[in-house]
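For the sequence shown, the numbering used here assigns the number 2 to the initial residue and increments by one for each residue that follows.
Yeah, the Cβ is synthetic: ideal placement off N, Cα and C, and Gly gets one too.
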Amino acid sequence: MYAIIETGGKQYRVENGSTIQVPSLPGDVGGTIQLDHVRLVHGDSGLLIGQPLVPGAKVTAEIVRHGRTRSITVFKKKRRKNYRRTRGHRQGFTQLRVTGIATA
């Protein structure tokens, strides 16, 4: 059984026991979270496609850890104007372990 969920403006394919890394979500490490934005569920009863969401479907996950990704450099420049700006960015993330997929 697998599902396609949406969180943080991105979509992820998840299965029971899989681990995913999503943009930061509130919650404590070891706690559980329910993801309600389920786009598609494929299971024993067949394929359920949402329009845009599958009604009553939920994915439960355990928060494994919070962290920040590696640093990227943001560089801006305007030619011939002596304008240069350098800045770094590290995106926060939450790592989740999927514990269950439920449909209505």
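I'd like the list of long-range same chain contacts for residue i, defined as Cβ closer than 6 Å, with 5 residues on each side in sequence excluded.
| i | result |
| --- | --- |
| G28 | I34 and I64 |
| H43 | Y3 |
For residue i, which residues from the same chain have a beta carbon less than 8 Å from its beta carbon, with the 5 sequence-adjacent residues on both sides left out?
| i | result |
| --- | --- |
| R66 | V30, T95 and Q96 |
| N17 | M2, V99, T100, G101 and I102 |
| G32 | E63 and I64 |
For residue i, which three-state DSSP category applies?
| i | result |
| --- | --- |
| R80 | coil |
| G32 | coil |
| V75 | strand |
| Q92 | coil |
| V55 | coil |
Select from the options the residue whose C-alpha is nearest the C-alpha of residue i.
| i | options | result |
| --- | --- | --- |
| T25 | T61, I102 and R69 | Note that residue 25 is Ser in the sequence shown, not Thr. Checked all of T61, I102 and R69; the closest Cα to S25 is R69. |
| L48 | V99, Y3 and G101 | Y3 |
| V23 | R85, V99 and D45 | V99 |
| T74 | G89, V55 and G93 | G89 |
| T104 | K79, R81 and A58 | A58 |
| A62 | S72, R71 and D37 | D37 |
| G93 | G32, V55 and R71 | R71 |
Does residue i pass the burial test, meaning 16 or more other C-beta atoms within 10 Å, or should it be called exposed?
| i | result |
| --- | --- |
| T87 | exposed |
Tell me, to the nearest whole angstrom, how far the beta carbon of residue i is from that of residue j; I am working on the premise that it is less than 8 Å.
| i | j | result |
| --- | --- | --- |
| Q12 | I6 | 7 Å |
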